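First comes the structure, then the notes that go with it.
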Amino acid sequence: MAKPDSEIWNDVLVHVRNTYPTIHRHWFNTLEHSDLDGGVATIVAPSATFRDYLESSCAEAFDDAIRTVTQRLVTCRFVADGDDAARLARADSESGRPPVEHPARRAAKVDENGMLPLSPDYSFNHYVIGPGNRIAHAAAMAVADNPGLAYNPFFVYGQVGLGKTHILQAICQRVRQNRPTLRIAYTSCEHFMTRFMKDVKAGQMAEFRHNFRHVDMLVIDDIQFLAKREQTQEEFVNTFNELYLLDKQIVMSCDSPPEEIKDLAERLVNRFKSGLVTQILPPGFETRVEIVKEKGRLRGLTIANDVAELIASRVESNVRELESALSRIQLQAVVDKAPITLSLAELALNDGQRSAHAPVTIEQIIEHITDYFGVKLSDLQSRKRTRSIALPRQVGMYLAKQHTRHSLQEIGGYFGGRDHTTVLHAVRTIGDRSTIEPELGRAISTIETKLRMPGRHE
313 MAKPDSEIWN DVLVHVRNTY PTIHRHWFNT LEHSDLDGGV ATIVAPSATF RDYLESSCAE
373 AFDDAIRTVT QRLVTCRFVA DGDDAARLAR ADSESGRPPV EHPARRAAKV DENGMLPLSP
433 DYSFNHYVIG PGNRIAHAAA MAVADNPGLA YNPFFVYGQV GLGKTHILQA ICQRVRQNRP
493 TLRIAYTSCE HFMTRFMKDV KAGQMAEFRH NFRHVDMLVI DDIQFLAKRE QTQEEFVNTF
553 NELYLLDKQI VMSCDSPPEE IKDLAERLVN RFKSGLVTQI LPPGFETRVE IVKEKGRLRG
613 LTIANDVAEL IASRVESNVR ELESALSRIQ LQAVVDKAPI TLSLAELALN DGQRSAHAPV
673 TIEQIIEHIT DYFGVKLSDL QSRKRTRSIA LPRQVGMYLA KQHTRHSLQE IGGYFGGRDH
733 TTVLHAVRTI GDRSTIEPEL GRAISTIETK LRMPGRHE
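In this note's numbering, the protein residues as written are 313 to 770.
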């Protein structure tokens, strides 16, 4: 006898939680679902932000779960509560009508205009405040509540993994919630440049300028990548000026203060400094403890004080590494089918401790990268940008940053003389992707395990 849809849905959530623990979120239990008629299961998220997170980070996991549970070729489709699609799905489910034909699920990584989706993880509700970020948080709240009036432009900077993207996305989400009619353009500097070059070649600059200048708020992540891009800098100056003169809010993040961005036009430096420039510092011990607990709550986990303090004592650098440590502990608990205790956490983290007498070297990292991905050293050091080469290269840079004391510039030297901004981009990209892409996370864990094995120097 076939299971009722409610039981199937519960089994789907259990499968996602057990098989993909690092992407599971506590709010998954609030998702609605349609009847499983035909080949599409419609899942209703609380808002567009939650829908975008599901599409960009969880689609494959939910597809795998529902196919495993039902043994049918079913595809999950995500819609936002209040959308026409959500109303239709509820109506079909209640009436027993077969669902109408739906368009293919859209990819939400970057939309056709180069805009990035927002993550529900990155709201002010989930932002842990401490001495190192208190001013940045207060300023960000003021910007979100009074866009264009308080601190314009707003420029926040700090080392990689300290929560700059969280601040930017939290501003966007608060504005979207409180003033839904305002137009927000949120993107990365890399995507801004890519879209600019594409539209220049296609002769579509009118469309480009419409997308980035006909907005009420422009939010750009990693603005340091404008360095050395003279033509793009010229376009950004003009975009900045037009928005600023119209009292439209401009928000930017960077890895350094404006005056330290190399090869950036002086007029851009001056414009960036004309509003509020604020720094985010690495979190102290007590803040790190609270961050671990909050990251656990997001995943539906209750992290005891002793476990949170253990993680905070082992990881002192940034928030992203705290989350990575929590992921290792969570995966250990899933593998052992055991609760998260201090002894289990120590087991997971001790496996990652390196002997002070045998530090990991970049040469060893490169050796394991070439072996795991089946690429050559010459490929990693070349200018090739195919995915089969670019991904291993980025993973190598990421591991070098995590496991050695080399500077970004020194790491870049091992990978074909790349500059520090390229290495920083790789570290950030792999750090983000490894927490939401299980296959990539497993690849990194496998390589790290081999780096820790005795006799790795042989």
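Ideal Cβ placement from N, Cα and C applies to all residues, glycine included.
Computed from a prediction, not measured in an experiment: that's the story for all the values here.
Extent of the continuous alpha helix (DSSP H) to which residue i belongs
{"i": "residue 484", "result": "476-490"}
{"i": "residue 450", "result": "446-457"}
{"i": "residue 364", "result": "360-365"}
{"i": "residue 389", "result": "Careful: residue 389 lies outside any alpha helix (DSSP H), inside the beta strand (DSSP E) at 387-392."}
{"i": "residue 531", "result": "Note, residue 531: premise wrong, no alpha helix (DSSP H); beta strand (DSSP E) at 529-533."}
{"i": "residue 684", "result": "674-685"}
{"i": "residue 709", "result": "699-715"}
{"i": "residue 590", "result": "Note, residue 590: premise wrong, no alpha helix (DSSP H); beta strand (DSSP E) at 588-591."}
{"i": "residue 693", "result": "It is not in any alpha helix (DSSP H) - residue 693 carries neither H nor E in the DSSP assignment."}
{"i": "residue 368", "result": "No alpha helix (DSSP H) contains residue 368, which DSSP labels as neither H nor E."}
{"i": "residue 626", "result": "617-626"}
{"i": "residue 607", "result": "597-610"}
{"i": "residue 643", "result": "631-648"}
{"i": "residue 745", "result": "732-748"}
Pairwise C-alpha distance: residue j and residue i
{"i": "residue 333", "j": "residue 578", "result": "47 Å"}
{"i": "residue 487", "j": "residue 529", "result": "9 Å"}
{"i": "residue 693", "j": "residue 729", "result": "8 Å"}
{"i": "residue 720", "j": "residue 366", "result": "33 Å"}
{"i": "residue 407", "j": "residue 356", "result": "Any reading at residue 407 needs caution, since the residue's pLDDT is 49, under 50, leaving its predicted position unreliable; the model's value is listed next. Each residue's Cα considered, the two are about 17 Å apart."}
{"i": "residue 541", "j": "residue 510", "result": "14 Å"}
{"i": "residue 763", "j": "residue 622", "result": "23 Å"}
{"i": "residue 378", "j": "residue 741", "result": "29 Å"}
{"i": "residue 489", "j": "residue 497", "result": "15 Å"}
{"i": "residue 711", "j": "residue 394", "result": "43 Å"}
{"i": "residue 326", "j": "residue 385", "result": "19 Å"}
{"i": "residue 714", "j": "residue 684", "result": "18 Å"}
{"i": "residue 330", "j": "residue 657", "result": "18 Å"}
{"i": "residue 671", "j": "residue 596", "result": "26 Å"}
{"i": "residue 382", "j": "residue 662", "result": "39 Å"}
{"i": "residue 732", "j": "residue 342", "result": "43 Å"}
{"i": "residue 555", "j": "residue 346", "result": "43 Å"}
{"i": "residue 460", "j": "residue 619", "result": "43 Å"}
{"i": "residue 652", "j": "residue 645", "result": "6 Å"}
{"i": "residue 611", "j": "residue 338", "result": "5 Å"}
{"i": "residue 491", "j": "residue 437", "result": "18 Å"}
{"i": "residue 323", "j": "residue 648", "result": "20 Å"}
{"i": "residue 642", "j": "residue 328", "result": "14 Å"}
{"i": "residue 594", "j": "residue 758", "result": "28 Å"}
{"i": "residue 668", "j": "residue 616", "result": "Only weak support is given to the placement of residue 668: the predicted model assigns it a pLDDT of 42, under 50, and the value that follows is read from those uncertain coordinates. Their backbone Cα atoms lie some 29 Å apart in a straight line."}
{"i": "residue 441", "j": "residue 371", "result": "31 Å"}
{"i": "residue 634", "j": "residue 691", "result": "32 Å"}
{"i": "residue 754", "j": "residue 743", "result": "13 Å"}
{"i": "residue 695", "j": "residue 752", "result": "23 Å"}
{"i": "residue 320", "j": "residue 380", "result": "10 Å"}
{"i": "residue 553", "j": "residue 559", "result": "10 Å"}
{"i": "residue 444", "j": "residue 318", "result": "46 Å"}
{"i": "residue 389", "j": "residue 745", "result": "22 Å"}
{"i": "residue 628", "j": "residue 557", "result": "42 Å"}
Within 8 Å, strictly: CB atoms of residue i and residue j
{"i": "residue 707", "j": "residue 748", "result": "no"}
{"i": "residue 580", "j": "residue 549", "result": "yes"}
{"i": "residue 484", "j": "residue 538", "result": "no"}
{"i": "residue 477", "j": "residue 434", "result": "yes"}
{"i": "residue 614", "j": "residue 608", "result": "yes"}
{"i": "residue 439", "j": "residue 482", "result": "yes"}
{"i": "residue 479", "j": "residue 462", "result": "no"}
{"i": "residue 432", "j": "residue 362", "result": "yes"}
{"i": "residue 524", "j": "residue 506", "result": "no"}
{"i": "residue 335", "j": "residue 368", "result": "no"}
{"i": "residue 587", "j": "residue 465", "result": "yes"}
{"i": "residue 689", "j": "residue 678", "result": "yes"}
Below-8 Å beta-carbon distance, residue i vs any chain E residue
{"i": "residue 319", "result": "The chain labelled as chain E is not found in the depicted structure, where only one protein chain is given."}
Limits of the unbroken beta strand (DSSP E) element including residue i
{"i": "residue 357", "result": "352-357"}
{"i": "residue 499", "result": "496-500"}
{"i": "residue 565", "result": "561-566"}
{"i": "residue 463", "result": "Residue 463 -> no beta strand (DSSP E), and no H or E assigned at all."}
Nearest neighbour of residue i, chosen from the options [CA to CA]
{"i": "residue 562", "options": "374, 593, 760, 585", "result": "585"}
{"i": "residue 500", "options": "392, 673, 534", "result": "534"}
{"i": "residue 376", "options": "369, 368, 387", "result": "387"}
{"i": "residue 544", "options": "521, 691, 660, 687", "result": "521"}
{"i": "residue 686", "options": "676, 508, 739, 704", "result": "704"}
{"i": "residue 447", "options": "591, 735, 626", "result": "591"}
{"i": "residue 700", "options": "718, 681, 716", "result": "681"}
{"i": "residue 735", "options": "744, 724, 745", "result": "724"}
{"i": "residue 374", "options": "754, 761, 750", "result": "750"}
{"i": "residue 697", "options": "738, 455, 660, 536", "result": "738"}
Exercise. If you pair each beta-carbon of the stretch 560-571 with each one of the stretch 595-607, do three or more pairs fall below 8 Å?
Worked result: At 8 Å Cβ cutoff, the stretches do not touch.
Problem set entry | At least three beta-carbon pairs within less than 8 Å, the stretch 503-520 to the stretch 461-481 | They do not touch, by the three-pair rule.
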